[in-house]
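Here is the structure we will look at, set down as structure tokens.
Protein chains: 4
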Amino acid sequence: MKVGIIGANGYGGVELLRLLKQHPCVSVEKTISHSTQGCKLTEQYPHLNNVYEMTLEKIDIEGIARNVDLLFFATPSGVSKEIIPLFLEREIKCIDLSGDFRLKNGLLYEKWYKNTQAKNEHLQNATYGLTELFRSEIKNGHLIANPGCYPTATLLGLYPALKAKWIDPKSIIIDGKSGISGAGRNTSIGNLFAEINENMKAYKIGLHQHIPEIEQNLKVISGEETRITFTTHLVPMTRGIMCTIYVDLMESIRTQEMIDLYKETYKNEYFVRIRSANEWPATKEVTGSNFCDIGLKVDERTNRLVIVSAIDNLVKGAAGQAIQNMNVMNDWHEKTGLELVPLYP
Amino acid sequence: MKVGIIGANGYGGVELLRLLKQHPCVSVEKTISHSTQGCKLTEQYPHLNNVYEMTLEKIDIEGIARNVDLLFFATPSGVSKEIIPLFLEREIKCIDLSGDFRLKNGLLYEKWYKNTQAKNEHLQNATYGLTELFRSEIKNGHLIANPGCYPTATLLGLYPALKAKWIDPKSIIIDGKSGISGAGRNTSIGNLFAEINENMKAYKIGLHQHIPEIEQNLKVISGEETRITFTTHLVPMTRGIMCTIYVDLMESIRTQEMIDLYKETYKNEYFVRIRSANEWPATKEVTGSNFCDIGLKVDERTNRLVIVSAIDNLVKGAAGQAIQNMNVMNDWHEKTGLELVPLYP
Amino acid sequence: MKVGIIGANGYGGVELLRLLKQHPCVSVEKTISHSTQGCKLTEQYPHLNNVYEMTLEKIDIEGIARNVDLLFFATPSGVSKEIIPLFLEREIKCIDLSGDFRLKNGLLYEKWYKNTQAKNEHLQNATYGLTELFRSEIKNGHLIANPGCYPTATLLGLYPALKAKWIDPKSIIIDGKSGISGAGRNTSIGNLFAEINENMKAYKIGLHQHIPEIEQNLKVISGEETRITFTTHLVPMTRGIMCTIYVDLMESIRTQEMIDLYKETYKNEYFVRIRSANEWPATKEVTGSNFCDIGLKVDERTNRLVIVSAIDNLVKGAAGQAIQNMNVMNDWHEKTGLELVPLYP
Amino acid sequence: MKVGIIGANGYGGVELLRLLKQHPCVSVEKTISHSTQGCKLTEQYPHLNNVYEMTLEKIDIEGIARNVDLLFFATPSGVSKEIIPLFLEREIKCIDLSGDFRLKNGLLYEKWYKNTQAKNEHLQNATYGLTELFRSEIKNGHLIANPGCYPTATLLGLYPALKAKWIDPKSIIIDGKSGISGAGRNTSIGNLFAEINENMKAYKIGLHQHIPEIEQNLKVISGEETRITFTTHLVPMTRGIMCTIYVDLMESIRTQEMIDLYKETYKNEYFVRIRSANEWPATKEVTGSNFCDIGLKVDERTNRLVIVSAIDNLVKGAAGQAIQNMNVMNDWHEKTGLELVPLYP
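Chains as they are written, first to last, in our numbering: chain Y, -5 to 339; chain X, -5 to 339; chain A, -5 to 339; chain U, -5 to 339.
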């Protein structure tokens, strides 16, 4: 199958290139970048020498549509909502790694993203691409709204307990911690090595655009409107997201019962790994891979459940899950091209 | 004044040495280390060349008592409870950086530290050394139980709102994040650079020995028995602790009102700095200094308060606060020797 | 083909496991560890959950010999020289990642490794496994002495110019810089995160055991006895080695001529990438991959050549090159299982 | 004494602020920044809250000249050469941390800095501020050209052996390694955390503007024209420079003799610390301090001397040495305000 990448010059695009190289059924035919059109990929990313000798092209709708079967969008927010409709008309399937089509309620997009929403028709037709939860819809999707990194870690972490109604959806608090690659390859003082190294910062507390995305999908799971408290912190590492989630239990449940519920729920999910009692995930244990690792503890002193969920933000939180979705859409084995062992140490 | 350091070979001891060098009223007369007795300090820490040319000695109660007026204990837990009574008998004031005398209820020590408790008489006579909250008791103290790093950040972060009864003590959740120096200079696979770098891990969730210390002092502030949910995470940095605290509001309060309350409460406290709305602390902004930086936000969507509190775990969370307490005990200006500007970048 | 790994619990062993998972012709049948025998691999390395569910076994010569065709040794120095002969007798091919069989002159081993040498018969039969230089010998080898990390970067960096006699072998100076994973998963104060982070140290200057290994192979290339100056430095990163090499030119040559020579020499070598003028390698550009990146500059002011060579010490400097050698020994395509794109960022 | 800082918003300026806070004889009256004039210092650097509550002002020659006795210039290259003459006319002493007045030969400035040179009169009157070597000239200086970070480490490392004529000046090779703060607070893709972390890069090899500065001062020491080979590498740390220097011995000398020579030469220099045989400097051992640590080894196999020299680039390599020079100019004790213990760990 022939694929293209719009926004190939960012970290999400480059991670797609890394992973697609391992994929036996796919060839990358087009790499598009608005800001660096005309450059060779290797000028921007010398690590791709001998691997991808292509040039970054400007966007040419017809030219791309003739040459690819599926497109990945790894563009900044606000871009894909303008372009994807043109490719859908031409029957090119699209997987969008940005947030443009994730919120069914366009007004929420306008509020949290400070931008005009996509056409409602497209919002309603888009499929939210959290593979483990929405596999059957993804299979028939034409436009996949690939989830954000924090929502992926959070929703996989909450799903079994919330589905089982063992926890109170009104009590959800999520403490998110992210490596700096989530900020993209954008120059700003706050992203400089000298400012980030040996440093941890809180940022955008209560203002992060992933809040409505999480809330929308918690409602899909629980059937109830849900308001969450969600905070975000920058950690001095390049890759990795960890969400520590706090939630009140509806009844008294022991840690082991909770772990059993999670293991049972995810027993057929290769990419979700549930830890044993008192063992906790570490982001490095998923680096470079599509795994989501989850640890659980019932705090019996306060009757709360603590969930710790870790992913590589660029893989399961972006490019890896996009490829997982592509596999589902094509009826390929879901692990195809994604059986990468985490890079440890 | 002549001081000594028991446990001078650990990171806490070495940080005391760094800070005491700037102190105009103090000379370090004795540096004691059980594990490295007989070594020169500079063999263990070459950065001290030209600064401290002393030898690490073995413990000799009489010899020390004759030569110092005040002792700092930077020993692993379980050590000072055996030795401090011998010095108190000899009228040497003691500041203990370990947890041995922090819990008034010795049974809690036995449960959380898995060790026998100190004599009850000493537990009751010890003064909890969170300077900003217990200054007058510290002034007359002979045995100061210097607070743990997480409790310092947490209690300073909660004090004004809890004192004002604006928040519900039953709802407190603390998400703690720490640099690796908190683990001390102990060799274990989990502390190796290759295991910690580019990694974030949760650890000891619900089991951390700082839980009863925080709860005991929350009760002192609020008058109510309190159970907290407390989690801890290792962040790939050497210094710094950040606690993100979640708590339900008792009534509707705006962020700015909360900030005003904190600014008012701490208006005479040089070492506590309250951030403006939507500005958040970063651990590097306190590195090497005795500051505690606090950011605040009322999440109006969920009626919760989010508090972010940051300190350098080795300074305000250990050696710096110990010196601050020594200053109070001696009626010196509290900032003496502690006006260090954070090392940034 | 069935393979086993002796010393599977170290970083070299674990990196073999990561890479072999991608290899289409190989199954790992045995993972042996002296120090952690009886443990599941996932207890030592949770990142291997769902990937390798094997147990670390103790060494059982007969049992292993019956079950594998080829063995990798990722053992500390001094181990394989005792064990490999037992497997060679049983016609199991061996690839040794340690230094035990690299030096033809056993006395040099004794001097630099402070240990008794292997049997001379085995030393003489061992093939030095720097694939690009000794491919034909490796093809027929039964015992491959896989090169050290510094020698790999150094020899690939010097080979074309030395072979062409454009540089003076008596003038070679090598400034080596390594990430900390080269020190293995060994607990020592010097390897702790708090000691390594934000730190760079020189170590073992003039004493490193890779000196005789480099000199032996420089003589193979140039035909002359050679003495090098070689220094080593620890850099606060987990993976990566960079060698900056200084050497006097025999005649006046321009940078571009030198680059052309290197490009021509390595034109059929997928894993060696020569940079253009004034472009320099970075270790992250090879992380997780088997590439060796080389940059070159003639310093016309001093008539010296500067060579910068970068590899991932655990891949091209250890496990990756071992697999490359296995591919050569089996007449598989040399890239089999090794077409991994560097993990960037 | 009243001082001002021109370029107070960069890392050099902020480090001056940190150090001057400890200085008993100085008050900072003016902080000038072209790019952020009108901002409070704490807006740019929140770590300065409660410490410096001043505003960054635009440059006003008369206003500054009336209010300060001495000015520090921490400006990008090309700025101070225009402004310093105006202050010299007004009898304000100037210490310039940029390279504008370091090269006596203005043509070399034009070649290496790609900019027009300062007036020759000022170039000739400027005093090169490597304190340990040029103390008496500095004492009477009005315009101090504070040395670059690499030259400081290099020249202190070479001085005793070169002065003693034990080494061949024609053979000097310097392998420089620097933390990223040397690049300043400038946004560029190459300085982003995600690009620098877990990465080491060579850069500007043979092109660095510190080459003529080093060569000029080597000639002052040895009396001979000298050409060096000098390379530079970025290391994933914020602070710290290490120079590893290779040089041929003129005669056979043992390591201990060399160490003795260095200890003798620097016996009265508090800030230069010579290591014992087989002990090597580490950058973290000087972090935050004005020390320069030097390790030495004669490689008897090749008759070369290896020198390893480490400083904190922002302290001894910039702001600290500037203050040391100010102390000399004012006949204050040279250590005044600079007795900071390195921040370790």
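Backbone N, C-alpha and C define an ideal beta-carbon position, used for all residues, glycine too. On a predicted model such as this, the values are computed, not experimentally measured, just so you know.
Close CB contacts of residue 80 of chain U within its chain, under the 7 Å cut and outside five residues either way in sequence, are with 55 (chain order).
Contact between residue 275 of chain X and residue 139 of chain Y fails: their C-beta atoms lie close to 34 Å from each other, not under 8 Å. Between the region 302 to 316 of chain Y and the region 164 to 171 of chain X there are fewer than three C-beta pairs closer than 8 Å, too few to call the two in contact.
The shortest CA-to-CA distance from residue 173 of chain X to any of X:40, X:304, X:48, X:336 is the one to X:304. Within the region 208 to 238 of chain Y, contact with chain X at the beta-carbon level (separation under 8 Å) is assigned to 221, 222, 223, 225, 227, 229, 230, 231, 232, 233, 234, 236, 238.
With its beta carbon at least 8 Å from every one in chain X, residue 155 of chain Y lies outside the interface. Every beta strand (DSSP E) stretch that sits fully inside the region 267 to 339 of chain Y and reaches 3 residues is listed by chain position as 286 to 293, 298 to 305.
Residue 300 of chain Y is not a Cβ neighbour of residue 151 of chain X, given a cutoff of 8 Å. Short of 7 Å from the beta carbon of residue 69 of chain U, and not among the five residues preceding or following it, lie these beta carbons of its own chain, in chain order: 0, 1, 92.
Between residue 12 of chain Y and chain U, the shortest Cβ-Cβ separation is not below 8 Å. Taking 8 Å as the threshold, the shortest C-beta distance from residue 29 of chain U to chain X does not fall below it. Residue 18 of chain U and residue 331 of chain U have their C-alpha atoms roughly 7 Å apart. Counting along the chain, the unbroken beta strand (DSSP E) around residue 237 of chain A starts and ends at 235 to 242. Taking C-alpha positions only, residue 33 of chain X is separated from residue 40 of chain X by approximately 12 Å. About 11 Å separates the Cβ atoms of residue 117 of chain U and residue 78 of chain U, ruling out a contact at the 8 Å cut-off. Not a single CB atom of chain X sits nearer than 8 Å to the CB of residue 283 of chain A. Secondary structure note for residue 77 of chain X: its alpha helix (DSSP H) is the uninterrupted segment 74 to 83. In chain order, 338 make up the part of chain Y whose C-beta sits under 7 Å from the C-beta of residue 8 of chain A. Secondary structure at residue 125 of chain X: helix, using DSSP grouped into helix, strand and coil. Nearest to residue 268 of chain A by alpha-carbon distance, out of Y:284, Y:237, Y:36, is Y:36. Scanning its chain for C-beta atoms nearer than 8 Å, with the 5 sequence neighbours on each side dropped, one finds around residue 257 of chain X the residues 268, in chain order.
With contacts defined by Cβ atoms closer than 8 Å, residue 180 of chain X and residue 230 of chain X do not form a contacting pair. Every alpha helix (DSSP H) of 4 residues or more that sits fully in the region -1 to 46 of chain Y is shown, in chain order, as 5 to 14, 35 to 38. Distance from the CA of residue 307 of chain Y to the CA of residue 30 of chain A, rounded to the nearest whole angstrom, comes to 32 Å. Comparing C-alpha distances from residue 158 of chain A to each of A:244, A:23, A:108 shows the shortest one belongs to A:244. Contacts with chain U at 8 Å (Cβ-Cβ) do not include residue 62 of chain A. Contact between residue -5 of chain A and residue 25 of chain A does not hold, since their C-beta atoms are separated by about 16 Å, which reaches or exceeds 8 Å.
C-alpha of residue 251 of chain A to C-alpha of residue 224 of chain U: approximately 21 Å in a straight line. Between residue 267 of chain Y and chain A, the shortest Cβ-Cβ separation is below 8 Å. In the structure shown, the three-state DSSP call for residue 175 of chain A is helix.
Residues of chain Y with a Cβ closer than 8 Å to the Cβ of residue 162 of chain X do not exist; the shortest Cβ-Cβ separation is about 13 Å.
Of A:52, A:7, A:292, A:131, the smallest CA-CA separation from residue 240 of chain A is found for A:292. Boundaries of the beta strand (DSSP E) around residue 196 of chain Y: 195 to 197.
Distance from the CA of residue 213 of chain Y to the CA of residue 153 of chain Y, rounded to the nearest whole angstrom, comes to 11 Å. Residue 188 of chain X has a beta carbon lying within less than 8 Å of a beta carbon in chain A.
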